[in-house]
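Have a look at the structure below before the remarks.
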Amino acid sequence: MDVLRRMAPHGVAGSGAPDTGSALVDTVHGTTVVAIRFAGGVVMAGDRRATAGMSIASRRIEKVFPADDFSGIAIAGAAGPAVELVKLFQVQLEHYEKIEGEGLSLDGKANQLASMVRANLPAAMQGLVVVPLFAGYDDRRGIGRVFSYDLTGGKYEEADFQANGSGGVHARNWIKATWREDITRDDCIDLALRSLFAAADEDAATGGPDLVRRIFPTVAVIDAQGFTAVGDDEVATRAEAQLGGREEGSGL
Numbered sequence: 000m001d002v003l004r005r006m007a008p009h010g011v012a013g014s015g016a017p018d019t020g021s022a023l024v025d026t027v028h029g030t031t032v033v034a035i036r037f038a039g040g041v042v043m044a045g046d047r048r049a050t051a052g053m054s055i056a057s058r059r060i061e062k063v064f065p066a067d068d069f070s071g072i073a074i075a076g077a078a079g080p081a082v083e084l085v086k087l088f089q090v091q092l093e094h095y096e097k098i099e100g101e102g103l104s105l106d107g108k109a110n111q112l113a114s115m116v117r118a119n120l121p122a123a124m125q126g127l128v129v130v131p132l133f134a135g136y137d138d139r140r141g142i143g144r145v146f147s148y149d150l151t152g153g154k155y156e157e158a159d160f161q162a163n164g165s166g167g168v169h170a171r172n173w174i175k176a177t178w179r180e181d182i183t184r185d186d187c188i189d190l191a192l193r194s195l196f197a198a199a200d201e202d203a204a205t206g207g208p209d210l211v212r213r214i215f216p217t218v219a220v221i222d223a224q225g226f227t228a229v230g231d232d233e234v235a236t237r238a239e240a241q242l243g244g245r246e247e248g249s250g251l
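Here the sequence shown is numbered in numbering that gives the first Met the number 0, starting from 0 and rising by one per residue.
Written as C-alpha cells, this is what we have:
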C-alpha cells in the first residue's frame, strides 16, 4: 500500500489525490460511538454526523443498532460497508436462532462479528475500514459486556467501556475520568452524552447537539429487559440539562 500511494496515489480509495481519468468520490464515514457498562447492563451511544472528506455528508445518520433482543452494535468507519455488515449480522443471528431453536451465547455473537470484520479486511486495506463496537447483556453471568475490534477481526473484551471513531480518544478520556463501578443506568446515559459532547468540542467530524434542528445523539440501553432505545424526548431533555438549560433554538 505504501508503494501504491507513492507510485499511483489516484488508485488508493479515499486518498484524496487528483485522478485525471475519473472523479474521485469521498467515502462517507461515521464517527464517534461509545459503549459503557453499568451495574446491570450496558449503554451504547453515537453522535449523528457522517462526513465525506471535509464535508458533512449527513447530520442524522444512525450508528447504534440492535443486533438481537439482548445485544447491540455501534458502527464507526466507512458508513456503507458498516451498515451492510450490521444487516448481515442481524440476519445471521436470527437465522441461527431459527435453525437451532435458541440464540447464540454473547461470546458466540462476538466471535461471529469478529469473523465478519476479518472478511472485510481486503476492503479495509483500500480505505473502507469498518470498526464496530459490540455490547450486550450476558444472561449467564447477569452482567453487561463490551467488545471492541480491530480491522483484522481481532476481538477484545473491555472491562468497563470503550469508544471508537475519530473522536473516540476524547470521549474515552472523559469517560475514564468519571466512570465508577457502581454507576447507575441514568448516570451512565448522562455520561455517554457528556462524552460525546466532549468529543464534539475537540473533533470536527463528531456532531454535537443541534438545538436548532433538534438533533441529538442516539442512545440505547441493554439490560435484563433487552435492547431498549432511549426516546428522543428523553435524550433531548438530558442533553439540554447538561448544556445549562438553554432555550430551544439558541446557539451553542
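Here a beta-carbon is modelled for each residue, glycine too, at the ideal position from N, C-alpha and C.
So, residue 84 versus residue 119, is the Cβ gap smaller than 8 Å? yes
Might you give, ordered along the chain, the residues of its own chain that have their beta carbon closer than 7 Å to the beta carbon of residue 76, omitting 5 neighbours on each side? 28, 29, 128, 129, 130
Per DSSP, what kind of secondary structure is residue 163 in: helix, strand or coil? strand
Once DSSP output is grouped into helix, strand and coil, what is the label at residue 49? strand
Indicate the three-state DSSP secondary structure (helix, strand or coil) for residue 128 in the structure shown. coil
Considering residue 97, what are the terminal residues of the alpha helix (DSSP H) in which it resides? 78-99
For the region 32-42 against the region 185-205, are there 3 or more C-beta pairs whose distance is under 8 Å? yes
According to DSSP, simplified to helix, strand and coil, what is residue 29? strand
If we ignore side chains and look at the alpha-carbon of each, how far apart do residue 154 and residue 141 end up? 21 Å
For residue 171 and residue 194, what's the separation of their Cα atoms in angstroms? 7 Å
Can you tell me whether residue 216 is buried or exposed, with buried defined as 16 or more other CB within 10 angstroms of its CB? buried
Beta-carbon within less than 6 Å of residue 222's beta-carbon, same chain only, minus the 5 sequence neighbours each way: which residues are those? 39, 40, 136
Where do the ends of the alpha helix (DSSP H) carrying residue 197 lie? 184-201
Could you check whether the region 196-205 touches the region 160-175, counting it as contact only if at least three pairs of C-beta atoms, one from each stretch, sit closer than 8 Å? yes
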